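The structure appears right after this line, and notes come after that.
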Amino acid sequence: MTFFLEVLIGGLLSGVMYSLVALGFVLIYKASGVFNFAQGAMVFFAALSFVGIQINFGLSFWPTLMVVIILMIIVGVLTEKFVLRPLVNQPQITLFMATIGLTFFLEGLAQLVWGTDVHPLDIGIEDAPIEFILDRFDMVISAFDLFAAIISGTLVVSLAIFFQVTKIGRALRAVADDHQAALSIGIPLKQIWAIVWSVAGFVALVAGLMWGSRNGVQFALTFVALKALPVLIIGGFDSVLGAILGGLIIGALEKLAEVYIGPMLGGGIEGWFAYVAALLFLLIRPEGMFGEKKIDRI
Amino acid sequence: MFYRENGQFKISYSKDQALLTISQDKFFIFALVAFSLLIVPFIASDYWLTAILIPFLVFTLAALGLNILTGYAGQLSLGTAAFMAVGAYAAYNFQIRVPNIPIIFSFIGGGLIAAAVGVLFGLPSLRIRGFYLAVATLAAQFFIPWLLIKVEWFSNYNPSGVITTPPVTFFGFIIDTPVSKYIFILVIVILLTILAKNLIRSKIGRSWMAVRDMDIAAEVIGIPIMKTKLIAFAVSSFYCGVAGAVYAFLYLGSVEPDGFNIDLSFRILFMIIIGGIGSVMGSYFGAAFITLLPILLENIIHFLAVALSITISSAVTSVLQLLIFGALIIFFLIVEPHGLARLWSILKEKLRLWPFPY
Amino acid sequence: MHTEIGKTLNTFPKILKFRSENNSKNIAIREKYLGIWQQWTWNQVFKEVTYLACGLKEKGLSKGMNIAIVGENRPRLYWTISAAQSLGAVPVPIYQDSIASEMQYILQNADIQIAVVEDQEQVDKFLEVLNDDINLKCLIYDDPRGLENYKVEFLHDYEKIRQVGKKFHEANTNFFDNSINNTKPEDVSVILYTSGTTSKPKGVVHTHKSFLDIAIQDVLFDQFSEKDSVLSYLPMAWIGDHLFAHAQYLVAGYTLNCPESGETVINDMKEIGPTYYFAPPRVWENLLTQVMIRIEDASLLKRSLFKFFIKFAQSQGSKFDVNNKISLFNKILYFLGNILIYAPLKNVLGMSNLRIAYTGGAAIGPDLYKFYRSLGINLKQLYGQTETAAYVCKQETIGAEAEHVGKPLPGVEVKIADNKEILIKTPGIFKEYYKLPDEYSEAFDNNNFFKTGDAGFLDDMGNLKIIDRAKDVGTLLDNTLFAPQFLENKLKFFPYIKEAVCFGHKKDFVSCFINIDIDAVGNWAEKKGVGYSGYVDLSSKPEVAELVKDCISEVNKDLLKEKDLKGSVIKKFLVLPKELDADDDELTRTRKVRRNFINEKYKILIDALFSNIDNCDFETKVTFEDGRTGSLKANVKILDC
Amino acid sequence: MDKLLDIENISLSFGGIKALTDVSFDVYKNEIRAIIGPNGAGKSSMLNVINGVYKPQKGQVSFKGKYWENITPFKVANLGIARTFQNIALFKGMSVLDNIMTGRSLKMKSNLLEQALYFGKNKKEEILNRTKVEEIIDFLQIEHIRKTLVGKLPYGLQKRVELARALAAEPELLLLDEPMAGMNIEEKQDMCRFILDVNEHFKTTIVLIEHDMGVVMDISDRIVVLDYGLKIGDGSPQDIRDNQKVIDAYLGVG
């Protein structure tokens, strides 16, 4: 039983980190209707830049963070200017493919600048069980996971609040509802997009740091994003809450499956399990957990 | 400029609906086919055949498959490589398990199995659209290679899932030289291209495009959306399956499941984006482009390296490739969303109207 | 051409029968319908004609009766001509765009009892003009669309008539053959109404003989054969169409092609690529105008290539001219030009396979003429009129020039009267003006030569040169010769000028009205950034006036070269705010200027031209497309050149 | 007069918003039946109910005396009902010809293999149906644009092509959703003529939605008037003209 709980909690904690990546997708999707496949690349880009700067310029944590945040904002703005704006009014599918292009571009760029080697990333919390939990409940809960979860959680919550109360937030939601209307009431669409992409960039950075410091900063980071996609299917592309819960669910399911079903199938199922789970889920609720049913007006 | 269409009038619908209606086009295409069948084998070096022409043809086939699904039926798929894998492994198993089965049947069998799997993963498309579907196809991309490794029966009990294809014989001829492989693939590609063209100019082709352009309207005039989509998945996967089989048997000779990874899927997607979404011709252009570009890049970089007498690691080269691919995709989507095929047809129109602009 | 034609095969029905027996498998006629070219062999055509004829007979058509035919060039309407002729009846094709009054006049004058028309539009027109003097017994339509619910007892679907005829024919198989055998050369074969430039239409009556002799002559002249093919797009009521889409067609046995619809003629021509093409100058003109407009929008490279090679081709003269020595280098250059411009251009115009092209019915601008010939199109002129079964003179391929219309055909005599009027004796001469004996006799001089009403002269090569309508040829006060049409044609060659009317008889100088071509000038205006709201506005623009002025001074330069016309340079002009229009009786259906009418209608403006005022207010009534009429007010500037 | 279509007490709502409330009317064979009403009166919703795009919460539809159970647009098409859309729903990426050919889908039966080989049955079918389509092209006088991409056509012509596509299915009942919206006078006149010709020539029953009162009064045999999802009038053009409720409703709209 405790073992089950241990696995479950572990899953939920790493789930929070899925949520974090998924959140990046949702923000951009809500604001510009774009399924930003490049989110994963941005995570990778951010993380690699971070370590790159640390190593090459020997900056300490906070300055580096500042620099990379600025970097990510630049990336966001440029993306809006050179990718989204020229493709405005194109079918969504085209924009999606464009973000695939962006993915390759960012991955290429990052590695071109910072090299292709794997770098460890240390943010000062080592991945060890928390003693008193171990003593009390004799459960192994990684301090790192907990820390990451807390960071991610706070970020998610603060973002949620940010978009609820601030002016930009309201504008953003207006945009999400109807681009034309938003324009007509004088919301500067372009700026909004730029901002959203920057925020998404920031989220990517945080995610990058988390995942990077756990698995080391390497190309594989880009697949973290792929992991987050099933989260979107379950949570729906346009629901922040969905992204959060979806992440938790996927995280939990994945860990449980890994432990309980994995052995039966000879292991290695974490690569696809999330997807299949999501698919099965879809067949029951096509519109996702919080996505509302669409009526085709004709 | 070279078109002389006077007197080329049509006295029957079958002539008016023919694949090539203008005699100058007929001439051009036939000349091209004749050239690539009769001349190329003699002038092309083994390097050209094995490193460029054969992969080009294989990818053309795969791109054709994806184009049918994404370009014509409008269903985005990121799992192309997975369906190729199915084709490859199915064909392999037909060859080794069915005593002296003709290779063609193995290929067709591979295609059919792939089609079946394609339909299976296409099922969600009945409920979901667009991105959701794209993500769903990723499931295939991750699940299938895993399955091929885990279930060792597929790879005839090779622990890492690697298969090494038996030598290909066709009516007694052993197809092992680059030339024979090239010709064999070329013929397959030509035939399948014609079939694709036929499908596209028939009811199903129109239904695909109808579902793509406006699915509700399509259903209202009596096109069964579900069926149409599933057929698209089936046909598309069939082409990818055959492509996979050819890829394994005639190009690489031995493949492993992880070879059919998401990057391969993306490459094929790029082929149709750059070549031209919704254009058979485009599949050829795209395949050619994506096959040649890396070679071109390597040569340029090598040249630069020599010129500037610096050493550039292969890692950098591959990274540069990523970067340039990405940029190109964005560039094409912005400048010419219909890809090289559109440029080609514009050129053709200009020649027909020459010297007039319209 | 088969030797028996003209001998035992001495009427058109007999020739048709002969074709059905000897060329049964050849394609006689094509029509683009339902998106493809439907075709009929001579054999099938003969069957169709048989059934139709029998059907018409059942409806009461018999020897000597007239039958009206109205519509675009449709096989069934052509078959009606043959069917009628087979019965000894007389086909009377009528311009499908004739206005109600004209239509009514002809139906009365030719006491039409049976008519075959194309569609609802024509049926409605008929029902509209019917009155007590018209005793229409049977109205047959080709296209049933929209006619289902018409409650008119004498209205019949072509298909039904055909069925009736089929039954009748199966019952009495010999009837049709007999009636064909009964047709005689001297029988009347057709009545064509001339849209008289001045008066009401006159019905020109022709016999099989008159048409056949001419047809044979020029089939021999140009070696037309079964291999040729033509696109029939000109009004069936026009002598030209009747000759080449019926007479020549049967004699030579070539293939006739009917376009899908008015809008698609250009494209259909491109598909068919006829070997023989007949068009009045205005059509050639419009084509050229279109070409020029489109090339103006082409890229600089193309434009300059085009300009260069066209200029070059014209500098080289015609390839048909044997004693035209071209240097090797120029031959190569021409070859290049052919690849880059000439051949593609011909392909776009649908003229790649063109073996022989004709123009006639009016004089053609020299440069226009030269343009087509320099492309390697064998464009030739011919001269004739309805009364002479179209052909009097025809140009040889070699030595054809814009200035003349060639030598008289074998068997044709041409004389020039003292007043420069051209007089003609020809086997193709018409039988009579229908019910107008006096006009008939007036049409001939006392040696029984037909008075063409054209002024001209034979040059020393024996080529006929036309100057103008005899009655229009006038003199200025200083007795210098004044040939308005001659000037107008020169003006009209400019793409910008659609119509021109010159005045000067008994005046002390020449002046003219100009009608701008809205397409060409409009396009020019856009390029120049001159905004305009419509035709009237555009005509009044000073920039346009300047443009026209340049054209006129060009013409004046040419005039000074002509020895007996140098006196008649144009001194003043004005740009008409209104397009001259057949619907306002200002032009004939064949777009010839009705001078007297214009002299009255535009008196104020004409006077203004010859007074010293520099502008003049002017009001007139106009008829719109849909037949409504309104009035048009404008202030017209009088300008000097 | 036998009923072709019978609408019985239809009520439809989207998440609380009532689009139609207890609407009933019938359509006779071979008549031209108009549905009119101010914007948001539920006209289009009515049409969407008739061809199965929307499922009403209450009420029944019967076609040729048979009641519909769990109907879908596809089934409706099979029953011989075709329609056009308010804002043109043509297949932008296809030529006029192909667009109209899609209208023949239900008439074409050859299987995938035959289509792939473009041989035998399929070829025969393609040609046969092309002929039918060409007849419609001729009927609606769009020969000159046969092979152009519909996307490139002016609005008026697109509407005509959409009508052609619907006709290609040889429907017994034709639903036209604002066939004349956004047309100039000539185009409207043409469209009217075509609608009448279709009704006369193919004996097609027509239900149409139209704003232009003049047009409706001219061409329709009977008219239903909806207002805020309620039927407020039903009868001959004359009745409707005299119907006070209708007048008010339209005055209300201004």
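Each protein sequence line maps, in turn, to chains A, B, C and D.
The first sequence begins at 383 in the working numbering and counts up by one.
The second sequence begins at 28 in the working numbering and counts up by one.
The third sequence begins at 242 in the working numbering and counts up by one.
The fourth sequence begins at 126 in the working numbering and counts up by one.
For each residue, glycine too, the CB sits at the ideal point set by N, CA and C.
Predicted model only: the values in this text are computed from it and were never measured.
Under 9 Å between the Cβ atoms of residue i and residue j?
i, j, result
"Ile299 (chain B)", "Leu93 (chain B)", "yes"
"Pro521 (chain C)", "Thr831 (chain C)", "yes"
"Leu433 (chain C)", "His447 (chain C)", "yes"
"Ile533 (chain A)", "Ala553 (chain A)", "no"
"Ala630 (chain C)", "Phe417 (chain C)", "no"
"Leu484 (chain A)", "Ala423 (chain A)", "yes"
"Leu447 (chain A)", "Leu665 (chain A)", "no"
"Phe148 (chain B)", "Leu103 (chain B)", "no"
"Val450 (chain A)", "Ile435 (chain A)", "yes"
"Lys230 (chain B)", "Ser220 (chain D)", "no"
"Pro384 (chain B)", "Ser540 (chain C)", "yes"
Residue i touches chain B at which residues, Cβ-Cβ below 8 Å?
i, result
"Ala607 (chain A)", "Simply none; closest approach about 11 Å."
"Pro198 (chain D)", "Ile243, Glu246, Val247"
"Ser169 (chain D)", "What Ser169 (chain D) touches in chain B: nothing, since even the nearest Cβ is about 13 Å away."
Closer than 9 Å by beta-carbon distance: list the chain B residues that pair up with residue i, in chain order.
i, result
"Gln280 (chain C)", "Ile38"
"Arg255 (chain D)", "Tyr40, Asp43, Gln44"
"Glu251 (chain D)", "Tyr40, Ser41, Gln44, Arg228, Ser229, Lys230"
Can you tell me whether DSSP reads residue i as helix, strand or coil?
i, result
"Ile328 (chain B)", "helix"
"Arg710 (chain C)", "strand"
"Tyr642 (chain A)", "helix"
"Cys267 (chain B)", "helix"
"Lys609 (chain A)", "helix"
"Ala100 (chain B)", "coil"
"Ile680 (chain A)", "In this prediction, Ile680 (chain A) has a pLDDT of 49, which is less than 50 and means its spatial position is unreliable; what the coordinates show is noted afterwards. Here Ile680 (chain A) sits in coil by DSSP."
"Cys882 (chain C)", "coil"
"Gly379 (chain D)", "Residue placement at Gly379 (chain D) is poorly supported in this model, since its pLDDT is 43, which falls under 50; the coordinates are not used for a value here."
"Asp499 (chain A)", "coil"
Can you list the residues of chain B that residue i reaches, using a CB-CB cut of under 7 Å?
i, result
"Pro468 (chain A)", "Ile361"
Whose Cβ in chain C lies nearer than 7 Å to the Cβ of residue i?
i, result
"Phe319 (chain D)", "Correct list: empty, because the minimum Cβ distance to chain C is about 10 Å."
Terminal residues of the continuous alpha helix (DSSP H) containing residue i?
i, result
"Leu488 (chain A)", "474–496"
"His449 (chain C)", "449–463"
With respect to the beta strand (DSSP E) encompassing residue i, which residues constitute its N-terminal and C-terminal limits?
i, result
"Asp359 (chain D)", "355–360"
"Glu313 (chain C)", "Segment: none, Glu313 (chain C) is in no beta strand (DSSP E) and carries neither H nor E."
"Gln337 (chain C)", "Taken as a continuous stretch (DSSP letters only), Gln337 (chain C) belongs to no beta strand (DSSP E), as it is neither H nor E."
"Asn134 (chain D)", "128–139"
"Ile31 (chain B)", "Looking at the sequence shown, residue 31 (chain B) is not Ile but Arg. Premise fails: Arg31 (chain B) is in no beta strand (DSSP E) and is neither H nor E."
"Ala598 (chain C)", "597–600"
What residues of chain A sit near residue i, judged by a beta carbon separation below 8 Å?
i, result
"Lys254 (chain B)", "Neighbours of Lys254 (chain B) on chain A: none; closest Cβ ~18 Å, over 8 Å."
Taking C-beta pairs closer than 8 Å, name the residues in chain D that residue i reaches, listed in chain order.
i, result
"Leu275 (chain C)", "Thr256, Glu259, Glu260, Ile262, Asp263"
"Pro251 (chain B)", "Phe199"
Q) Just checking, does the region 103–110 of chain B make contact with the region 241–256 of chain B on the three C-beta pairs under 8 Å criterion? A) no
Q: Assess, as a yes-or-no matter, whether the region 592–602 of chain C is touched by the region 658–670 of chain C under the definition of 3 or more beta carbon pairs within less than 8 Å.
A: no
(Q) Assess contact between the region 725–733 of chain C and the region 741–760 of chain C, defined as three or more Cβ pairs (one per stretch) separated by less than 8 Å. Is contact present? (A) With the cut-off at 8 Å, the region 725–733 of chain C and the region 741–760 of chain C touch.
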